[in-house]
Every structure is written in structure tokens, then in C-alpha cells.
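Residue numbers (our numbering), protein chains in the order written: chain A, 394 to 595; chain B, 394 to 595. See below for the structure under consideration.
Protein chains: 2
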Amino acid sequence: MASKNPVEFWFDFSSPYAYLASAQIAEIADEYGRSVMWRPFLLGAVFKETGARPNVDNPFKKEYMGRDVARFARLYEMDFIWPEPFPVSTLVPARIFYWVERYQPEKVGDFVGSVFDSFFSRGRNIAEASVVLDAAADVGLDRAVLEEALEEPVVKERLKAVNDEAIKRKIFGAPITVVDGEMFWGADRLWMVEEWLQSGGW
Amino acid sequence: MASKNPVEFWFDFSSPYAYLASAQIAEIADEYGRSVMWRPFLLGAVFKETGARPNVDNPFKKEYMGRDVARFARLYEMDFIWPEPFPVSTLVPARIFYWVERYQPEKVGDFVGSVFDSFFSRGRNIAEASVVLDAAADVGLDRAVLEEALEEPVVKERLKAVNDEAIKRKIFGAPITVVDGEMFWGADRLWMVEEWLQSGGW
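This is the structure:
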């Protein structure tokens, strides 16, 4: 039934605001009897389309963001460190995600949490396959199987299709939460997502 | 005493998110025994420094923003229409603001509200001096006096000094609310401003 659509959570594994929102969104969706449809994509692919630049290219915004993300993490009582290097390519975790979604869908939430934890709480470089495979193994996924999957054309194609969908649906940033077709951008906007879920819109 | 610093509200009169936040910020400040220090500036002057571009230059973001601002206004039960043209130069209202602040400081809040109302609720072009003078007259300010003030070098210098301060303090966007030195960007972040005022920070 329409009111039970999953809450879509579009993000790039390299977005600290997506990391901060990720724990909250699962709780919020659950509270309203919804599931979360995790939608990792490559923000760079969309930026190529819109001509947008990463926040960290703006020196004033970069400084604000550094302070703001840390402050957000303290408020939510989440671990947080700035990974080095940052940002990084998230091709590997995004590809693996869609393999997990297809073959072990019950593990997707754990996998997302484990990759975010590797990057933003332990500072490991999630551009590297070995780091992502470690994160997968930590939540009971089979490292050897995923290592092979990473090279399969179907896995590459799947992520490409998701990136195309992001562009088509004008998912211009991350995180973007979609509730019954309505988009909400940012980690600071989850209160509005909750209002929308509760009221059915206004 | 330190805990009674005014809440600084940095904005450009052409920012719809600043309009949406403006009513809320006055209420929030009041609730915690603070005054609002309105700080209109020219966002374009800061963008020149950082190389940032207006949101409306990004076609995907522009479309989201159109929907989001209207949705925000409905939630806050505020009038809202997209002015045409948009965005516009806000040199005139910003200059007049600083004259009002100097000579009739008790009127600044009313003046800000009246200019925002002209632009975002009645769609009048606030780049035009006659429109801003009408808005000023609506809240009991002297039209003829302000018309003369607009050409005074001291008024021009004052706005220039404020723009320089914005750049120095890295006020990269609008609205930006500053509480005891701590910056919060956006209209969707006022809940965090409230938490900060209430707790004194974390």
C-alpha cells in the first residue's frame, strides 16, 4: 500500500553528512513502519552533469563544515574523525553494495553501517578494495565471493544504472531522503522528514 | 554579560531561506532573552571571494529549491511567491538598513520584515529605491530622509565595511546565524540554534 513505500536514502559513502544522517534515518523510518531503501551512488557523476563542485573546494565552507560535522557528531553521540585522504572515490563500496543488495538483501543495512564506520570512525581509506572487504567481512559477508563479484560486468552496470537514475531524478546532493516522491536534502532536515511521515505532507 | 550576546542573523535580502528563517529567529532569540542583530550583506561580495555560485545556477538544485521553499512557507504558514525577476541586487535595502540601524535602531526589525514582505509576499522588485522607500514608509520611516541618505558616502561605506566583515568572518552563505561566536548555516538548522541557546553548547 502506498503509505508503506520505503524511505529512499540517496548518498555517497564519502559524505560525512550522509554518515551522520544514516543512523537517524533508520530509526525514523522504523518509527513510521517504513523500511530504508539505501541508495549509494557516485555524487561526482551528478556533479559532472550539473557543474557543481564539492563543498571542500570552497575554503570558507570547508572550514565551517569541519566544525559543523564534528559538532553534529557530538550531538548525536556518534564517533567521528576526518579521514585522510578526503574525499575519496567510493566506486568500490558502491559496487559491492549492489551485489549485497541483490544476493544478501538482509545484510545491506549492516554493510552500509560497517563501511561508514571504517571511513568516518576508523579513518580507513574506503577507496581500497581490501578495506571494503574487511568491512564486509566484519558483518558476516564472504570476503572471497565479494572480491570476485567486484570484477563482474553486471555489478559495474548496476551502479552505472543507479547513477543514471540519480541524474534522471535530479538527486543533486547527498544525503537526499525521498518519502513518497518528496525530496529532502541534508542531515539537518530529518525533522522535516519526520513531520512529512507523520502528517502525510502539507 | 556574555550569555546575553545578541543572536547575529547574517543574510541577503534576496535569500528566500533568510526570509523563511527571519520570523523564526526573532521568536527563538526572544525566548532565550536575546535580541537579534540583523546583519544584511551582499552575498555576491562573498561569492566573489570564494568562487561560489548562486543555487539557481544549478538546474537540479534550482528545481528542488523552488519546491522546498514553497513547502517550507506552507509549514510555517508564511506567505510566499517567487518574485520576478529573481535574484536581484539588494544594495538599496542593505544600505538603507544601516542608516535605520544608526538613527532609528528601534525600527530595524520592522524594516527587515517590511522589505522581505515586499519581495517575497508581494513580489515587488527591491532592487528599486522607490520600492524600498515604500516598504520603509509602511513601518513609519521618513521616505524623504531615507531618499537623501541613500546617496550619502557614509551609508555606502558602512555597507562596504559590513561586507568586508562578512568575508573576514567567513560568512559564506545566507542565512547564517551566529550564537556566541558559533555559526549555523541555513533555515533548516534553527532547531540546532535553539539547542545551542538552551544548553550553552556541547
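C-beta: ideal position from N, C-alpha, C; glycine also. Bear in mind that the values here come from a model prediction, so they are computed numbers and not experimental data.
Simplified DSSP state of residue i, which is helix, strand or coil
i      : result
B/M585 : helix
B/M458 : helix
A/E433 : In the sequence as presented, Glu is not what sits at residue 433 of chain A; that position holds Pro. The answer is strand: DSSP assigns A/P433 an E or B state.
A/I564 : coil
B/M394 : With a pLDDT of 43 at B/M394, under the threshold of 50, the modelled position of this residue cannot be trusted; read the value that follows with caution. Three-state result, B/M394: coil.
B/W475 : coil
A/R467 : helix
B/V505 : helix
A/R551 : helix
B/V629 : Absent from the model: residue 629 of chain B. The displayed extent of chain B is 394 to 595, so no value can be given.
A/P480 : coil
B/N556 : helix
A/S514 : helix
B/E545 : coil
A/S428 : coil
B/N451 : coil
First through last residue of the alpha helix (DSSP H) which encompasses residue i
i      : result
A/I375 : With chain A covering 394 to 595 only, the question about residue 375 of chain A has no answer from this structure.
A/V649 : With chain A represented from 394 up to 595, any question about residue 649 of chain A goes unanswered, as that position is not in the structure.
A/W492 : L484 to Y496
A/S525 : In the sequence under discussion, the amino acid at residue 525 of chain A is Val, which differs from the Ser named in the question. Counting along the chain, the alpha helix (DSSP H) containing A/V525 begins and ends at A522 to D531.
Beta-bridge pairing of residue i - partner residues as DSSP gives them
i      : result
B/W578 : B/I569
Residue range of the unbroken beta strand (DSSP E) whose run includes residue i
i      : result
A/F402 : V400 to F404
- Query: Can you list, in chain order, the residues of the segment 407 to 440 of chain B whose Cβ is nearer than 7 angstroms to any Cβ on chain A?
  - Reply: none
- Message: Please list, in chain order, the residues of the segment 550 to 570 of chain B that have any C-beta partner in chain A closer than 7 angstroms.
- Response: K563 and F565
- Query: Which of the residues in the segment 466 to 487 of chain B, read from start to end, lie with their CB under 7 angstroms from any CB of chain D?
  - Reply: Structure shown: chain D not included; protein chains present are A and B.
- Between the segment 494 to 513 of chain A and the segment 556 to 569 of chain A, do at least 3 Cβ pairs fall closer than 8 angstroms? no
- Query: When Cβ atoms are compared, which residues of the segment 512 to 541 of chain A fall closer than 9 angstroms to chain B?
  - Reply: none
- Meets three-Cβ-pair contact criterion under 8 angstroms: the segment 394 to 412 of chain A and the segment 473 to 481 of chain A: yes
- contact_flag[the segment 440 to 451 of chain A, the segment 460 to 470 of chain A] where n(CB pairs < 8 angstroms) is 3 or more: no
- Query: Is the segment 534 to 541 of chain A touching the segment 550 to 562 of chain A, taking contact as three or more C-beta pairs under 8 angstroms?
  - Reply: no
- Okay, do the segment 515 to 523 of chain B and the segment 434 to 447 of chain B touch, 3+ Cβ pairs below 8 angstroms being the bar? no
- Message: Within 8 angstroms, do at least three Cβ pairs link the segment 580 to 587 of chain A to the segment 574 to 584 of chain B?
- Response: yes
- Query: Quick one: any contact between the segment 495 to 511 of chain B and the segment 437 to 446 of chain B, if contact means 3 or more CB pairs under 8 angstroms?
  - Reply: no
- Item | chain B contacts from the segment 570 to 588 of chain A (Cβ-Cβ distance under 9 angstroms) | E575, M576, F577, W578, G579, D581, R582, W584, M585 and E588
- Is there contact here, the segment 517 to 533 of chain B with the segment 484 to 504 of chain B, by at least three beta-carbon pairs under 8 angstroms? yes
- Output, in sequence order along the chain, the residues in the segment 452 to 464 of chain B whose CB is closer than 7 angstroms to any CB in chain A. P452, F453, K454, E456 and Y457
- Task: Could you please tell me which residues of the segment 492 to 507 of chain A, in chain order, have their CB closer than 8 angstroms to any CB of chain B?
- Result: none
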